[in-house]
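Take a look at the structure below.
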């Protein structure tokens, strides 16, 4: 076993907070990020919130020397914000856009417009196939009353399903008759979940991914590995009030899926400012992991029964939360549908009245034209809006139902065939 | 090699044309389909256009005896229309919704509202893992001037990428350290493409899937395997005018991805009417395949160079078509954006005029109130509509660009490392 050479991989992950016109000192920070990436020469760079394609192109030009391969994932109105820079050739990519991602009418929470997604790039280094995932889940705006929890749970579930499905992606080879699967899975990104949250427990137990922070031999950075800290001048201090140390919501996770072992030798985070400067790279801290990957004599076997029990528990918990979201979505579907029907009735009433007036049936004064037409326009507006919302919540209900059913099926499979497979 | 037992698998595929209120004799036909499926007892049933969840539930109850396992895929406003019935336990499912699927304003072509998708179910029979895909791509409304070709090509590409990514899906097993991939891949569905179309050539060469119709030892059914035939009383005769025999757009495709061989022993289609009755099951003919699956001593090796050359050609061809769609989408994005700006300018002008009148600057007659407010409402309406369309075409441009770039990358990988992997 000791005879196999060890591959060392240095990974960088950062939510860049690069929203055009909105993020403070954006251009300066993107330049700082580029300078540092060029200086440090990581093997793999996973970035989120690079919303401007121009920023990506500038980075690409600047990083051409050290990172000749890169990919920008497009989706939604604004984009996914996800991109990857790599020292090694990217052989294949795939984007999966989450089916639920907030509400279009919550303009102050722009998540819906971003087309939040998970991007996959396949990379092969020294004959080892890596499936590298980068993602950014729906933000948490209010932890006490988190209306987006069901959506984030659906995303965590879809992320896990997508990672499980991606085990076999490999490089272009049309008529391959062998099933060469990925040897190592890496996931980096802003999951917008605290380490103990149900979503991350679901993701980890359903995929078997391990947390680089908890596994690291050496750690250097913010206390508890926090990536949103009060010390960072761009974070909103009031939001972090209940968490004096900050919160940990950015992760590097990993897993060996075949006869390989992966160890996290070192994990680092930035600490409020970019090294050697007085401003931070972003409102998030960067996470940097050094992984050691080694081929094993044989595949590692593990007792599954405890893990499966944990899995069943966490799937049950997640399913309950999805159920809560489902009932809320059903209520909204109902109320928007009712409003659409009422607006339609008002319009019909107006049409009857107008026809009546035309036919000379109305006694006395006709309606004042201006208010009559204003009311008609209002009714049309409400009808259109309520119908759109009704359609939107219909989709939401369907997706939540679908996820709940998938989870039910997984629970069934776990109970029926606990250790088959 | 001959010592390994052969598994026989009977598969049924049908686009059921079960649109509530619109499809002719829907309930009668769904009942006929259910009766026949119960009588024939296939191993696997892949249905499309089961738009009503009630129809699915009725089928589920009726088929409980022979097909104890089933799954209905939810997506979009109306649903995906996809469902699967199986004699064997379904161990996992995943839905991938295509990123492009027509236009919401093309109400007469309802595709956008259906959330067209590909559904995956994982099934294990006698220790062999099957990844079974069911899908329905965007319809072709006018073959001579097919405005939806770029969208259908993006769908074919995403379908291929999803199938390639799914090679490793397997049943619930959280901490699996081996990379057990699927042994056999099956795809059934209405691809809305003729056998020689670029989309199906792309799909086949990029995934290595084989066409049950061309591979079948025995065939029985409509000439040339057509599945939309003039003989069927529900088909629109004028649309089939250029094709006197009909067209073949429904497929069963298959592939063995590890040390297995799959042979199509028999392929059948219905022939305009359901056997023993005077009405058809649907406007499409059903496709029924009998596959023989056998374990091999070792993985089959094949010379890849010719296949890769074909692949490069077909990817280049598809990329050109996607480029055509991209330029059309860019034009529409521009013109809708311009219209939104014009409407905004009109509104601003009105606001200035109204303020001017209020401030008493306007000499002579004020504007007639009614036409003034009607014009304002019109401007607001155009602004909202043009903005929505602009956002929609922005997404379309992004997705087409993304696909074009993925294809470019695949071509690069094929040229750089033609037989690596």
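Chains as they are written, first to last, in the working numbering: chain Y, 1 to 421; chain L, 422 to 842. Glycine is no exception: its CB is placed at the ideal position from the N, C-alpha and C atoms.
If you follow the beta strand (DSSP E) that residue 431 of chain L is in, where does it begin and where does it stop?
The residue labelled residue 431 of chain L in the question sits at position 10 within the second chain. In this chain, the beta strand (DSSP E) harbouring residue 431 of chain L covers 427 to 439.
Any C-beta of chain L under 9 Å from that of residue 81 of chain Y:
As a position in the first chain, residue 81 of chain Y is number 81, starting the count at 1. No, its Cβ sits nowhere closer than 9 Å to a Cβ of chain L.
My guess is that residue 382 of chain Y and residue 343 of chain Y are in contact by the Cβ rule of under 8 Å, so how many angstroms apart are they, rounded?
If you number the first chain from 1, residue 382 of chain Y lands on position 382. If you number the first chain from 1, residue 343 of chain Y lands on position 343. About 4 Å separates the two Cβ atoms, so the contact holds.
Please state whether DSSP places residue 126 of chain Y in a helix, a strand or coil.
The count along the first chain starts at 1 and reaches residue 126 of chain Y at position 126. Looking at residue 126 of chain Y - three-state DSSP - the assignment turns out to be coil, as it is neither helix nor strand.
Should residue 165 of chain Y go down as buried or exposed, given a rule of 16 or more other Cβ atoms within 10 Å for buried?
Position 165 of the first chain, counting from 1, holds the residue named residue 165 of chain Y. The residue in question, residue 165 of chain Y, is buried, as its Cβ has 16 or more Cβ neighbours within 10 Å.
Below 7 Å on C-beta distance, what does residue 827 of chain L contact in chain Y?
Stepping through the second chain from its first residue, residue 827 of chain L is reached at position 406. The contacting residues are 93.
Starting from residue 683 of chain L, follow its DSSP beta bridges and name the residues at the other end.
For this step, residue 683 of chain L is matched to residue 262 along the second chain. Paired residue(s): L:714.
Thinking just about the alpha-carbon of each residue, which of L:703, L:458, L:533 is nearest to the one in residue 432 of chain L?
If you number the second chain from 1, residue 432 of chain L lands on position 11. The shortest C-alpha separation from residue 432 of chain L is found at L:458.
Consider the Cβ of residue 837 of chain L: report whether some Cβ of chain Y lies at a distance smaller than 9 Å.
The residue labelled residue 837 of chain L in the question sits at position 416 within the second chain. Taking a beta-carbon distance threshold of 9 Å, residue 837 of chain L counts as an interface residue toward chain Y.
Would you kindly work out how many angstroms separate the C-alpha atoms of residue 245 of chain Y and residue 139 of chain Y, rounded to a whole number?
Position 245 of the first chain, counting from 1, holds the residue named residue 245 of chain Y. Position 139 of the first chain, counting from 1, holds the residue named residue 139 of chain Y. Cα to Cα, the separation comes out at about 19 Å.
What is the residue span of the alpha helix (DSSP H) that residue 282 of chain Y lies within?
Here residue 282 of chain Y corresponds to residue number 282 of the first chain, with the count starting at 1. No alpha helix (DSSP H) holds residue 282 of chain Y; DSSP gives it neither H nor E.
Measure the CB-CB distance between residue 471 of chain L and residue 502 of chain L and report whether it falls below 9 Å.
Counted from its first residue, the second chain places residue 471 of chain L at position 50. Counted from its first residue, the second chain places residue 502 of chain L at position 81. Contact: yes.
Of the listed residues L:772, L:811, L:493, nearest to residue 793 of chain L (C-alpha basis)
Against the second chain, residue 793 of chain L aligns to sequence position 372. Residue L:772 is the option with its Cα nearest to residue 793 of chain L.
Proximity of residue 505 of chain L and residue 451 of chain L at Cβ, strictly below 9 Å
Position 84 of the second chain holds residue 505 of chain L. Position 30 of the second chain holds residue 451 of chain L. No; because the gap between Cβ atoms is not below 9 Å, this pair is not in contact.
Could you say which of L:799, L:517, L:813 lies nearest to residue 755 of chain L if we only look at CA atoms?
Along the second chain, read from residue 1 onward, the residue named residue 755 of chain L stands at position 334. The candidate whose alpha carbon is nearest that of residue 755 of chain L is L:813.
C-alpha distance - residue 620 of chain L paired with residue 673 of chain L, whole-angstrom precision
For the purposes of this step, residue 620 of chain L is identified with residue 199 of the second chain, where counting begins at 1. For the purposes of this step, residue 673 of chain L is identified with residue 252 of the second chain, where counting begins at 1. A direct Cα-to-Cα measurement between residue 620 of chain L and residue 673 of chain L gives close to 15 Å.
CA-to-CA distance, residue 656 of chain L to residue 699 of chain L, given in whole angstroms:
Against the second chain, residue 699 of chain L aligns to sequence position 278. Against the second chain, residue 656 of chain L aligns to sequence position 235. Cα to Cα, the separation comes out at about 15 Å.
Over what stretch of residues does the alpha helix (DSSP H) that includes residue 229 of chain Y continue unbroken?
Start at 1 with the first residue of the first chain, and residue 229 of chain Y comes out as number 229. Residue 229 of chain Y -> no alpha helix (DSSP H), and no H or E assigned at all.
Helix, strand or coil: how does DSSP classify residue 564 of chain L here?
Within the second chain, residue 564 of chain L is the residue found at index 143, counting from 1. Note: residue 564 of chain L maps to coil in three-state DSSP.
Spell out whether any CB of chain L is found under 9 Å from the CB atom of residue 395 of chain Y.
The count along the first chain starts at 1 and reaches residue 395 of chain Y at position 395. It does: the Cβ of residue 395 of chain Y has a partner Cβ on chain L nearer than 9 Å.
With a Cβ-Cβ cutoff of 9 Å, do residue 521 of chain L and residue 606 of chain L count as a contact?
Taking the first residue of the second chain as position 1, residue 521 of chain L is located at position 100. Taking the first residue of the second chain as position 1, residue 606 of chain L is located at position 185. Taking 9 Å as the Cβ cut-off, residue 521 of chain L and residue 606 of chain L do not qualify as a contacting pair.
Just the Cα atoms here: how many angstroms apart are residue 622 of chain L and residue 608 of chain L?
Locating residue 622 of chain L in the second chain gives position 201, counting from the first residue. Locating residue 608 of chain L in the second chain gives position 187, counting from the first residue. Taking the straight line from one Cα to the other gives about 15 Å.
Work out the CA separation of residue 115 of chain Y and residue 353 of chain Y for me, nearest whole Å.
Counting from one through the first chain, the residue named residue 353 of chain Y turns up at place 353. Counting from one through the first chain, the residue named residue 115 of chain Y turns up at place 115. For residue 353 of chain Y and residue 115 of chain Y, the distance between alpha carbons rounds to 45 Å.
Just to confirm my understanding: we take residue 760 of chain L, look at its own chain, exclude 5 residues before and 5 after, and list those with CB closer than 6 Å. What are they?
The residue labelled residue 760 of chain L in the question sits at position 339 within the second chain. 807, listed in sequence order.
Could you tell me which residues DSSP puts in a beta bridge with residue 492 of chain L?
Here the question's residue 492 of chain L lines up with position 71 in the second chain. Beta-bridge partners of residue 492 of chain L (DSSP): L:505.
Best match in Y:195, Y:102, Y:72 for proximity to residue 90 of chain Y [C-alpha to C-alpha]
Within the first chain, residue 90 of chain Y is the residue found at index 90, counting from 1. Answer by Cα proximity: Y:72.
Quick one: is residue 102 of chain Y near chain L, going by C-beta distance under 9 Å?
By 1-based counting over the first chain, the position of residue 102 of chain Y is 102. Chain L, which has no Cβ nearer than 9 Å to the Cβ of residue 102 of chain Y, makes this no.
Contact residues within the segment 267 to 298 of chain Y, judged by C-beta distance below 7 Å to chain L:
Going along the segment 267 to 298 of chain Y in chain order, one finds no residue with a Cβ nearer than 7 Å to chain L.
If you draw a straight line from the alpha carbon of residue 615 of chain L to that of residue 649 of chain L, how long is it in whole angstroms?
In the second chain, the residue the question calls residue 615 of chain L occupies position 194. In the second chain, the residue the question calls residue 649 of chain L occupies position 228. Answer to the nearest angstrom: the Cα atoms are 11 Å apart.
Hey, quick one: how far does the beta strand (DSSP E) through residue 672 of chain L stretch, first residue to last?
Counted from its first residue, the second chain places residue 672 of chain L at position 251. Segment 671 to 677, the beta strand (DSSP E) holding residue 672 of chain L.
Residues of the segment 466 to 499 of chain L with Cβ closer than 7 Å to any Cβ of chain Y, in chain order:
Within the segment 466 to 499 of chain L, the residues whose Cβ lies closer than 7 Å to some Cβ of chain Y are 495, 496, 497, 498, listed in chain order.
Closest Cα partner of residue 53 of chain Y within the set Y:41, Y:77, Y:239:
Numbered from 1 along the first chain, position 53 holds the residue referred to as residue 53 of chain Y. For the options Y:41, Y:77, Y:239, the alpha carbon positioned closest to that of residue 53 of chain Y is the one of Y:77.
At a Cβ threshold of 9 Å, is residue 582 of chain L touching chain Y?
Residue 582 of chain L sits at position 161 when you count from the first residue of the second chain. Contact of residue 582 of chain L with chain Y is assigned, a C-beta pair being separated by under 9 Å.
Starting from the C-beta of residue 523 of chain L, find all residues in its chain whose C-beta is less than 7 Å away, skip the five residues before and the five after it, and write them out in chain order.
Reading the second chain from its first residue, position 102 is the one you call residue 523 of chain L. Counting only Cβ-Cβ distances below 7 Å, and skipping sequence neighbours, we find 530, 532, 533, 559, 569, 572.
So which residues of chain Y does residue 517 of chain L contact, with C-beta pairs closer than 8 Å?
Stepping through the second chain from its first residue, residue 517 of chain L is reached at position 96. Under the 8 Å cutoff, chain Y gives 96.
Boundaries (first-last residue) of the alpha helix (DSSP H) holding residue 380 of chain Y
What you label residue 380 of chain Y is simply residue 380 of the first chain in a count that begins at 1. Note, residue 380 of chain Y: alpha helix (DSSP H), 369 to 416.
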